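Asker: Here the numbering used here is used: the sequence shown runs in plain steps of one and ends on residue 888. We put the CB at the ideal spot given by N, CA and C, even for glycine. Computed from a predicted structure; not experimentally measured. Take a look at the following structure, please.
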Amino acid sequence: MHLFFLTLAAVCVSQNAHAAGPLEIGTGTVELGGTATANLAIGNGNTSSWIQVAPSAGYFIADAVELLGGVNLTIAEGTSGAGFNLGARWVGQGSVRPYAGGTFGWGQTQYLDLFAVDSTAVTAMGGGLVPLGPKVAVDVGARMVFLPDFDAVQIPIGYLGVSGFFP
């Protein structure tokens, strides 16, 4: 049954992407957008969850290469955090534009106004840009976040983004 719904969703997404036309992106294009994720961490007998909102911007230095930068805002019970990241990604061709890339970031998390913890993050990303029109796309993808300061890995769930592309 799950396979049926996954197949149906893939067909609907590909039909919508084809009907919307291709994204108009290339060298010199600026991207403004952002993502929202629901996150779940399970380990050492503990479970925690949080919401992250991440506005971002990018600039295509070549037809298929984009430099990225963004801010991360994290909200959870008893904690809040903020950080920034810089990186790059490759963006392919097609009605749904596949992409792969990575970022490096730094952030700080505040715990109940008692203390703050600094951390670095290395993120690997992959997914697709599904066009809603020639200048707007939904970003459906996956991320894997490596936190070397905590010897931990996070995989955000519920990942969704929207981006606008400007010449």
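(1) Would you identify the three-state DSSP class for GLN773, choosing helix, strand or coil?
(2) Using 8 Å as the threshold, is the C-beta distance between VAL843 and PHE805 below it?
(3) With distance defined between alpha-carbon atoms, name the residue in TRP771, GLY779, ILE772, GLY854 nearest to THR748.
(4) Distance check for SER777 and GLY885, CA to CA, integer angstroms please.
(5) How about GLY882 and THR756: are their beta carbons less than 8 Å apart?
(6) Can you tell me which residues form a DSSP beta bridge with VAL861?
(7) Do ASN793 and GLN875 have their CB atoms nearer than 8 Å?
(8) Would you call TYR880 buried or exposed, if buried means 16 or more other Cβ atoms sit within 10 Å of its Cβ?
(9) Which residue wins for smallest C-alpha separation from THR768, given the options GLU798, GLY754, PRO819?
(10) Do you know whose CA, among ALA858, ALA873, PHE871, lies nearest SER816's CA?
(11) Could you say which of ASP870, THR824, THR800, GLU745 lies nearest to ARG834 if we only look at CA atoms?
(12) Can you give the beta carbon distance from GLY766 to ASP860, rounded, assuming they're within the 8 Å contact cut?
(13) Going by CA-CA distance only, name the one from THR795, ASP784, GLY791, TRP827 that's closest to TRP771.
(14) Tell me which same chain residues have a C-beta within less than 6 Å of the C-beta of VAL666, skipping the five on either side of it?
(15) Suppose you measure from the CA of ASN873 to the CA of LEU807; what does that come to, to the nearest Å?
(16) Assign PHE725 to buried or exposed, taking buried as 16 or more other Cβ atoms, counted over all protein chains shown, within 10 Å of its Cβ.
(17) Looking at the structure shown, is ASP834 part of a helix, part of a strand, or coil, going by DSSP?
Answerer: Quick answer:
(1) When secondary structure is reduced to three states using DSSP, GLN773 falls in the strand class.
(2) The Cβ atoms of VAL843 and PHE805 do not sit closer than 8 Å to each other.
(3) Nearest of TRP771, GLY779, ILE772, GLY854 to THR748, Cα basis: GLY779.
(4) Answer to the nearest angstrom: the Cα atoms are 11 Å apart.
(5) Judged by beta-carbon spacing, THR756 lies within the 8 Å limit of GLY882, meaning their Cβ atoms are closer than that value.
(6) The partner list for VAL861 (beta bridge, DSSP) reads GLY849.
(7) Contact flag unset, no.
(8) Buried, because 16 or more other Cβ atoms sit within 10 Å of the Cβ of TYR880.
(9) Of the candidates GLU798, GLY754, PRO819, the one whose C-alpha sits nearest the C-alpha of THR768 is GLU798.
(10) Minimum Cα distance to SER816 is reached at ALA858.
(11) The amino acid occupying residue 834 in the given sequence is Asp; Arg does not appear at that position. With distances taken between CA atoms, ASP834 lies nearest to THR800 out of ASP870, THR824, THR800, GLU745.
(12) The pair is not a contact, with the Cβ atoms about 34 Å apart (cut-off 8 Å).
(13) The shortest C-alpha separation from TRP771 is found at THR795.
(14) Because the chain in this structure spans residues 722 to 888, residue 666 falls outside the shown range and cannot be described.
(15) In the sequence under discussion, the amino acid at residue 873 is Ala, which differs from the Asn named in the question. Separation of ALA873 and LEU807 (C-alpha to C-alpha, rounded to the nearest whole angstrom) is 20 Å.
(16) Here PHE725 scores only 34 on pLDDT, less than 50, and its place in the model is too uncertain to base an answer on.
(17) Correct three-state label for ASP834: coil.
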